[in-house]
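Numbering-wise (the numbering used here), the sequence shown opens with residue 124 and increments by one.
C-beta: ideal position from N, C-alpha, C; glycine also.
Scroll down for the structure; my scribbles are underneath it.
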Amino acid sequence: AVVAWSPSTHHPDLIALGTMSGNLDASFSSSAELEIFPLRLAHKDTGLKRAGSAPSTQHFQKLAWGIKGIESNELPYGLIAGGMENGNLFMWNPDAIINDRADSALLTTMERHTGCVRGLEFNPSQTNILASAADDGDVFIWDLNSVREPSAYTVFSSKRASPEPLTVVAWNRSKAAPHVFACGGQSGKVVIWDLKQRKLVKELANPALPTARVSS
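The structure is reproduced here in structure tokens:
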């Protein structure tokens with residue numbers, strides 16, 4: 124499964140799990156779902172009771188949990204983004220999952236990538252901004268001010284003769300440069316991109332080491 128922790132200071136022990144392709148449950152079912160568990164880390168009770176779940180028509184490759192909507196209480200538990208195996212992004216309302224409204228938990232489906240989405244991260248400063256990277260070699264920046272009608276634009280593409288699959292995308296967490304992100308792929312190359320300048324500012328390369336994670 125892919126996982127994401129709740130970013131909420133009021134619910135820090137919540138964890139979301141998304142079913143990856145190839146997973147079989149005890150009944151040998153390969154269906155997919157998004158589950159939320161309260162871990163209660165401060166308690167000695169080791170029992171794990173699911174807070175809620177919602178079925179998914181696609182398997183997950185990446186999860187990101189953002190704080191959009193928490194402050195206004197529009198989305199009390201924030202927003203969960205799922206990077207799916209077919210290139211789609213699914214946006215979920217965890218409040219609906221936790222409160223037995225699974226049929227309305229999926230808010231919207233975003234269709235821009237043509238390859239499996241493996242990199243996904245909310246901007247830490249602008250809570251409505253989400254970056255996604257995929258096997259098609261593209262990075263999209265999504266504006267989620269309107270969750271049901273998001274907009275997107277391509278800021279980076281590795282496509283030359285053939286695309287380099289991208290495995291990770293990460294925002295710079297400095298308050299001075301929240302508009303800078305890094306993305307990396309299977310070749311081991313990491314690209315640093317500045318959205319304000321709309322240009323690549325640095326390239327790091329290690330062909331012997333595919334990029335699995337980037338952090339600031």
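In its own chain, which residues sit with a C-beta less than 7 Å from the C-beta of residue i, not counting the 5 before and 5 after it?
{"i": "D218", "result": "L198, P199, Y200"}
Between the alpha carbons of residue i and residue j, how many angstroms are there, rounded?
{"i": "G311", "j": "N329", "result": "5 Å"}
{"i": "L323", "j": "I220", "result": "39 Å"}
{"i": "T104", "j": "M233", "result": "This structure leaves residue 104 out entirely; the chain is present only between 124 and 339."}
{"i": "G260", "j": "G205", "result": "18 Å"}
{"i": "Q249", "j": "I193", "result": "13 Å"}
{"i": "H133", "j": "I190", "result": "11 Å"}
{"i": "D317", "j": "A305", "result": "9 Å"}
{"i": "I159", "j": "A300", "result": "33 Å"}
{"i": "S153", "j": "S176", "result": "16 Å"}
Could you say which of the options lies nearest to residue i if we only look at CA atoms?
{"i": "L171", "options": "P161, A177, T180", "result": "P161"}
{"i": "W215", "options": "T142, L157, W128, K298", "result": "L157"}
{"i": "K342", "options": "Q309, G308, V303", "result": "A question about residue 342 goes unanswered here, because the residues of the chain that appear run from 124 up to 339."}
{"i": "P288", "options": "G307, A174, K298", "result": "G307"}
{"i": "L164", "options": "P135, F263, V314", "result": "P135"}
{"i": "N268", "options": "G175, S195, S154", "result": "S195"}
{"i": "G210", "options": "T290, S227, V314", "result": "T290"}
{"i": "Q309", "options": "W294, S131, P286", "result": "P286"}
Less than 8 Å between C-beta atoms, sequence neighbours within five positions excluded: which residues of the same chain meet that for residue i?
{"i": "D266", "result": "N251, I252, P273, S274, A275"}
Are residue i and residue j close, meaning C-beta to C-beta below 7 Å?
{"i": "L140", "j": "A124", "result": "yes"}
{"i": "D258", "j": "G242", "result": "no"}
{"i": "V103", "j": "K185", "result": "Summary: the structure shown does not reach residue 103, with the chain confined to residues 124 through 339, and so no result is reported for it."}
{"i": "W188", "j": "S255", "result": "no"}
{"i": "V292", "j": "E326", "result": "no"}
{"i": "R224", "j": "F263", "result": "no"}
{"i": "F213", "j": "L202", "result": "no"}
{"i": "R173", "j": "T231", "result": "no"}
For residue i, I'd like the list of residues in its chain whose CB is within less than 6 Å of its CB, leaving aside the five on either flank, ordered along the chain.
{"i": "F151", "result": "Note that F151 scores 45 on pLDDT, short of 50, meaning its location in the model is unreliable; the coordinates nonetheless yield the value given after this. Excluding positions up to five away in sequence, the list is empty."}
{"i": "P178", "result": "E156"}
{"i": "S144", "result": "H182, E208"}
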